[in-house]
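Participant:
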Amino acid sequence: MNASPAMHLLEQLVFPARYEALAARLGADLASLLVTPEIETQNLLEDAARGLMARGEGLFLPIYAPSGTGKTTLANNLDKFLPGLFLPTILFSGSVNADALQRETAQHLARFAANDQRIVPINIDHREGSPPTGEELAEIKRFLRHPGSGSKAIILWPDTQRDISEAMSRAYTDIAGRPPIDLPVAVSGPPKETWREIAKTTLRLVNFIDSLEDLGVEPNNYDPGAFTSLGGFLREISDDFAKLVTSMRREMRKSLRLAIIFASESADAGILTHLTSSNQFGLLDGSALLDSSPDSEVGKWWKSRRGLLTSTIVRLDARVFSLPPSASVGVLRRYGSEEVMENLSKLGVRLPGELEVKRNLERCDLGKYLLGQSKAILETKGTPTTTSLLAFQYLAEAGFTAGRDKALNYAMADALIAFASALDLGYTTMAERQLDFCPLIPDNSLNFEREAICLEYTWRASDFMVAKNRGNIAAYCLRKLRNYSRELGWAPE
0 MNASPAMHLL
10 EQLVFPARYE
20 ALAARLGADL
30 ASLLVTPEIE
40 TQNLLEDAAR
50 GLMARGEGLF
60 LPIYAPSGTG
70 KTTLANNLDK
80 FLPGLFLPTI
90 LFSGSVNADA
100 LQRETAQHLA
110 RFAANDQRIV
120 PINIDHREGS
130 PPTGEELAEI
140 KRFLRHPGSG
150 SKAIILWPDT
160 QRDISEAMSR
170 AYTDIAGRPP
180 IDLPVAVSGP
190 PKETWREIAK
200 TTLRLVNFID
210 SLEDLGVEPN
220 NYDPGAFTSL
230 GGFLREISDD
240 FAKLVTSMRR
250 EMRKSLRLAI
260 IFASESADAG
270 ILTHLTSSNQ
280 FGLLDGSALL
290 DSSPDSEVGK
300 WWKSRRGLLT
310 STIVRLDARV
320 FSLPPSASVG
330 VLRRYGSEEV
340 MENLSKLGVR
350 LPGELEVKRN
360 LERCDLGKYL
370 LGQSKAILET
380 KGTPTTTSLL
390 AFQYLAEAGF
400 TAGRDKALNY
410 AMADALIAFA
420 SALDLGYTTM
430 AERQLDFCPL
440 IPDNSLNFER
450 EAICLEYTWR
460 ASDFMVAKNR
470 GNIAAYCLRK
480 LRNYSRELGW
490 APE
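Here the sequence shown is numbered in numbering that gives the first Met the number 0, starting from 0 and rising by one per residue.
If you want it as C-alpha cells, here you go:
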C-alpha cells in the first residue's frame, strides 16, 4: 500500500448543485433541504390528485420550468410535500408503453398496504426535449385507465420548454379528453429568499462538517436576484467552492495531516467526543474548541480568526485521539528505553510480542485511524488491567517533562514501524525530525508517497479524558493548530 488508508478531508469536500447528485449523497437526509412549494403549486397538485380520485383514472401531467428551477426535486418528492395524497415517486427510465409502466407500478404498489389509497407519482425524467410520440401517448392513456395500477398513477413529464409541454398537453387531451386541471403546470421552485439557506445547508449536509462557509465561500455573499434559477445560484457557489478547495490542495508539495494523541490512563475518548465531529472520526470541531476554551489566550486569538481556524482544520484534516494504557504500556514495554523497560518489568508488565502490540494498536483509536476505519466500527476497549494502570501511573510519577516524553515518542515511532510492516501500510516513520517538504518537526511523522501524517503526542497523568479537563484539552489542540498554521505560513503574525 503506497497511499494513506483514508481519503484526506480536502479530497472529500464537495458541493453538488444538481438534485440527482444530492440525492445520491444524502439519501434520507435530503429531506432537510426540501422547501415546500408555493401555495399555488401545492393547490394545483392537490386539485390534480382529487380529480384523479374522483374520476377513477390516472393523469398525464406535463410540467415545465427553466433548467435548475426544481422540477426534478418536486416530481421526486411529492410524498414529502403532500404525504396524505402521494406515495414515493417511481423514477421511470424504460420504454414508454403500457405493459412496462404497469409492471413497474405493480411492483411499487406491492410495498404498501392493499387499501392504501394514495396516488403513485411516476417521473419520466429522461425524455426532456423529446415529447411522447402519438403511439406513446396512446400507451400512456391505456395504462392510466388500467384498474388497480394505472388508475392510481400520475405521470409527470418534465421539460424546460413551455411550448413543448403545451404541445404534449394538447395532444394528450385530444385522445383522452379534458383533464381535471389545466395543463401543463408551470413549476416556480423555492422562493429566492430561501436560496442562501439552502446553499448553507447543502454545504453542511453533504460534507458532514459545520462552518465550512468560513473557508471563504459564504452563500450569504451571493445575490439570489442575479440568478434566474436556484440551480444557477447553486452552480455558481459550487464552482467557486471547487476552485477554493483545489487551490488549497495545490499549496503544498504533499498533503499534510495532523493527529493529536492524548496518552493517559483513560480507556477511551471520553470528553474528546464533545470536541470532535459526530460524523468524521476524531475530526476537530472548531466551534466546540472555542466554546470549551473561550477565556484562554489561544481561544481569544482564534476567535478573531474564525475563518483561519476552519481552514487550518480542513487543510490539516486535523484529528484528536486518545491512546489508552492497554496500547501505550505494551508499546513502551517492548520499544521503550532500557530504563523504562526495566522498570515496567519490575512492575510485573510482561514483555509482549510484536503481534500483541500490533493487535492492541489496531484496537485503539489511533490504529483504527491509520487503518482508515470509521468510528462506527470501533471495538469496545474495556477497562485497562490493574497492571497497565499501575505501569502508566509509574510513568506519570517519573514525569513526562524534561525530555522524558521524547523517549516515549521514539518508542511510539518504533512501534508504528513494526505496525506498518506487519500490515503492509507502506509508510516510513520518523521521530523528532523535520519533514522534507516543510519546516515542521512533529513528534512522529508517517510519510506516504503523496502525503505525511504528523502525530503529536501529549502524555498526561491520571484519567485525563474527563469533563473537568475539557478546557485544557481544547486549549492544547488550539495551540497545536496555531503552531502549525504559523509554521506553514497560513497565519500572519
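Glycine is no exception: its CB is placed at the ideal position from the N, C-alpha and C atoms.
Quick caveat: nothing in here was measured; it's all calculated off a predicted structure.
What's the C-alpha gap between Leu-477 and Tyr-456?
Facilitator: Stepping through the sequence shown from its first residue, residue 477 is reached at position 478. Stepping through the sequence shown from its first residue, residue 456 is reached at position 457. Approximately 14 Å, taken between the alpha carbons.
Participant: Is the separation between the beta-carbon of Pro-438 and that of Leu-454 shorter than 8 Å?
Facilitator: Within the sequence shown, numbered from 1, the residue matching residue 438 stands at position 439. Within the sequence shown, numbered from 1, the residue matching residue 454 stands at position 455. In this structure, Leu-454 does not lie closer than 8 Å to Pro-438 by Cβ.
Participant: For the segment 244–257 against the segment 311–321, are there 3 or more C-beta pairs whose distance is under 8 Å?
Facilitator: In short, these stretches touch, since the Cβ pair count reaches three.
Participant: On the CB-based measure, 16 or more other CB atoms within 10 Å of its CB, does Ile-153 come out buried or exposed?
Facilitator: Looking up residue 153 in the sequence shown gives position 154. Answer is buried; the Cβ neighbour count reaches 16.
Participant: Going along the chain, which unbroken runs of the beta strand (DSSP E) with 3 or more residues stay wholly within the segment 316–395?
Facilitator: Counting whole runs of 3 or more residues, the segment 316–395 contains the beta strand (DSSP E) stretches 318–322.
Participant: Rounded to the nearest angstrom, how far is the Cβ of Val-330 from that of Ala-410, given a contact under 8 Å?
Facilitator: In the sequence shown, the residue the question calls residue 330 occupies position 331. In the sequence shown, the residue the question calls residue 410 occupies position 411. Indeed, because the Cβ distance is near 6 Å, the residues count as touching under 8 Å.
Participant: According to DSSP, simplified to helix, strand and coil, what is Met-0?
Facilitator: For the purposes of this step, residue 0 is taken as the residue at position 1 of the sequence shown. Note that Met-0 scores a pLDDT of 47, beneath 50, so its modelled location is shaky; the value from the coordinates is reported in the next line. Met-0: coil per DSSP, three-state reduction.
Participant: Could you spell out the range, first to last residue, of the beta strand (DSSP E) harbouring Arg-256?
Facilitator: Working through the sequence shown from its first residue, we reach residue 256 at position 257. It spans 254–262 - the beta strand (DSSP E) in which Arg-256 sits, taken as one unbroken run.
Participant: For Glu-138 and Asp-173, I'd like the C-alpha separation in whole angstroms.
Facilitator: Locating residue 138 in the sequence shown gives position 139, where the first residue counts as 1. Locating residue 173 in the sequence shown gives position 174, where the first residue counts as 1. Glu-138 and Asp-173: Cα-Cα distance of roughly 14 Å.
Participant: Cα separation between Glu-378 and Asn-359?
Facilitator: As a first step, residue 378 must be located in the sequence shown, where it is residue number 379. As a first step, residue 359 must be located in the sequence shown, where it is residue number 360. Note on Glu-378: pLDDT 45, under 50, position unreliable in the model; no value is reported.
Participant: Would you identify the three-state DSSP class for Ala-5, choosing helix, strand or coil?
Facilitator: What you label residue 5 is simply residue 6 of the sequence shown in a count that begins at 1. In the structure shown, Ala-5 sits in coil (DSSP, three-state: anything other than H, G, I, E or B).
Participant: Leaving out five residues before and five after Leu-237 in sequence, what residues of the same chain have Cβ atoms less than 8 Å from its Cβ?
Facilitator: The residue you call residue 237 lines up with position 238 of the sequence shown. It is worth fixing the name first, because residue 237 is Ser in this sequence and not Leu. Excluding positions up to five away in sequence, the list reads Phe-14, Pro-15, Ala-16.
Participant: Is it true that the CB of Ala-474 sits closer than 8 Å to the CB of Gly-352?
Facilitator: Stepping through the sequence shown from its first residue, residue 352 is reached at position 353. Stepping through the sequence shown from its first residue, residue 474 is reached at position 475. No, the pair does not count as a contact, with Cβ atoms beyond the cut-off.
Participant: By the 10 Å Cβ neighbour count, where 16 or more other Cβ atoms means buried, how is His-7 classified, buried or exposed?
Facilitator: By one-based count along the sequence shown, residue 7 stands at place 8. His-7 comes out buried.
Participant: Can you tell me which of the three DSSP states Val-494 falls into?
Facilitator: Here the chain comprises residues numbered 0 to 492, so residue 494 is not present and cannot be evaluated.
Participant: Kindly identify the DSSP beta-bridge partner or partners of Ala-451.
Facilitator: Sequence index remark: in the sequence shown, residue 451 carries index 452 (1-based). Paired residue(s): Leu-255, Asn-446.
Participant: Consult DSSP for Ile-123 and reduce its assignment to one of helix, strand or coil.
Facilitator: Reading the sequence shown from its first residue, position 124 is the one you call residue 123. Of the three classes helix, strand and coil, the one that applies to Ile-123 here is coil, per DSSP.
Participant: Indicate whether Thr-88 and Glu-127 have their beta-carbon atoms separated by less than 8 Å.
Facilitator: Start at 1 with the first residue of the sequence shown, and residue 88 comes out as number 89. Start at 1 with the first residue of the sequence shown, and residue 127 comes out as number 128. No; because the gap between Cβ atoms is not below 8 Å, this pair is not in contact.
Participant: Taking the alpha-carbon positions, what's the Arg-102 to Pro-146 distance?
Facilitator: For the purposes of this step, residue 102 is identified with residue 103 of the sequence shown, where counting begins at 1. For the purposes of this step, residue 146 is identified with residue 147 of the sequence shown, where counting begins at 1. Cα to Cα, the separation comes out at about 13 Å.
Participant: List in chain order: all unbroken alpha helix (DSSP H) runs of 4+ residues lying wholly within the segment 258–313.
Facilitator: For the segment 258–313, whole alpha helix (DSSP H) runs of length 4 or above, ordered along the chain, are 285–291, 296–302.
Participant: At a cut of 8 Å, does the segment 408–426 reach the segment 219–233 through at least three beta carbon pairs?
Facilitator: The segment 408–426 is not in contact with the segment 219–233.
Participant: I'd like to know whether the C-beta atoms of Tyr-63 and Ser-148 end up nearer to each other than 8 Å.
Facilitator: Counting from 1 along the sequence shown, the entry for residue 63 is found at position 64. Counting from 1 along the sequence shown, the entry for residue 148 is found at position 149. Not in contact: Tyr-63 and Ser-148 (Cβ atoms no closer than 8 Å).
Participant: Tell me the start and end of each unbroken beta strand (DSSP E) in the segment 410–447 that is at least 3 residues and wholly inside, in chain order.
Facilitator: As far as the segment 410–447 is concerned, its whole beta strand (DSSP E) runs of at least 3 residues are 427–430, 443–446.
Participant: Could you say which of Arg-169, Phe-232, Ser-276, Leu-422 lies nearest to Leu-204 if we only look at CA atoms?
Facilitator: Mapped onto the sequence shown, residue 204 falls at position 205. With distances taken between Cα atoms, Leu-204 lies closest to Ser-276.
Participant: Just to check my reading of the structure: Thr-117 and Leu-143 have Cβ atoms closer than 8 Å, yes? What is that Cβ distance to the nearest angstrom?
Facilitator: If you number the sequence shown from 1, residue 117 lands on position 118. If you number the sequence shown from 1, residue 143 lands on position 144. Looking at the sequence itself, residue 117 is Arg, so the reference to Thr does not match. About 16 Å separates the two Cβ atoms, so there is no contact after all.
Participant: Is the beta carbon of Asn-122 sitting closer than 8 Å to the one on Leu-155?
Facilitator: Here residue 122 refers to the residue found at position 123 when the sequence shown is read from its first residue. Here residue 155 refers to the residue found at position 156 when the sequence shown is read from its first residue. Cβ distance < 8 Å, so Asn-122 and Leu-155 count as in contact.
Participant: If we ignore side chains and look at the alpha-carbon of each, how far apart do Thr-272 and Leu-346 end up?
Facilitator: Residue mapping note: residue 272 aligns to position 273 of the sequence shown, counting from 1. Residue mapping note: residue 346 aligns to position 347 of the sequence shown, counting from 1. Approximately 32 Å between the Cα atoms of the pair.
Participant: Quick one: Cα of Glu-341 to Cα of Arg-24, how far?
Facilitator: Start at 1 with the first residue of the sequence shown, and residue 341 comes out as number 342. Start at 1 with the first residue of the sequence shown, and residue 24 comes out as number 25. Looking at the two C-alpha atoms, the distance is approximately 54 Å.
Participant: Rounding to the nearest angstrom, what Cα-Cα distance links Asn-446 and Ala-412 in this structure?
Facilitator: In the sequence shown, the residue the question calls residue 446 occupies position 447. In the sequence shown, the residue the question calls residue 412 occupies position 413. About 12 Å.
Participant: Identify, in the order they occur along the chain, each residue of the same chain with its Cβ nearer than 6 Å to the Cβ of Asp-213, setting aside the five sequence neighbours on each side.
Facilitator: What you label residue 213 is simply residue 214 of the sequence shown in a count that begins at 1. So the list reads Arg-305, Gly-306, Thr-309, once near-sequence residues are dropped.
Participant: How about Ala-47 and Pro-179: do their beta carbons lie closer than 8 Å?
Facilitator: Here residue 47 corresponds to residue number 48 of the sequence shown, with the count starting at 1. Here residue 179 corresponds to residue number 180 of the sequence shown, with the count starting at 1. Yes; because the gap between Cβ atoms is below 8 Å, this pair is in contact.
Participant: At 4 residues or longer, what runs of the alpha helix (DSSP H) sit wholly inside the segment 141–184?
Facilitator: Entirely contained in the segment 141–184, the alpha helix (DSSP H) runs reaching 4 residues are, in chain order, 161–175.
Participant: I need the boundaries of the beta strand (DSSP E) containing Leu-58, first residue and last residue.
Facilitator: Locating residue 58 in the sequence shown gives position 59, where the first residue counts as 1. Segment 58–63, the beta strand (DSSP E) holding Leu-58.
Participant: Whole angstroms is fine: what's the gap from Ile-472's alpha carbon to Val-339's?
Facilitator: Working through the sequence shown from its first residue, we reach residue 472 at position 473. Working through the sequence shown from its first residue, we reach residue 339 at position 340. C-alpha separation (whole angstroms): 26 Å.
Participant: Which class does Ile-118 belong to by DSSP, given the choice of helix, strand or coil?
Facilitator: As a position in the sequence shown, residue 118 is number 119, starting the count at 1. Three-state result, Ile-118: strand.
Participant: Which residue wins for smallest C-alpha separation from Trp-194, given the options Trp-301, Leu-44, Val-34?
Facilitator: Taking the first residue of the sequence shown as 1, we reach residue 194 at position 195. Selected option, being the one with the closest Cα: Val-34.
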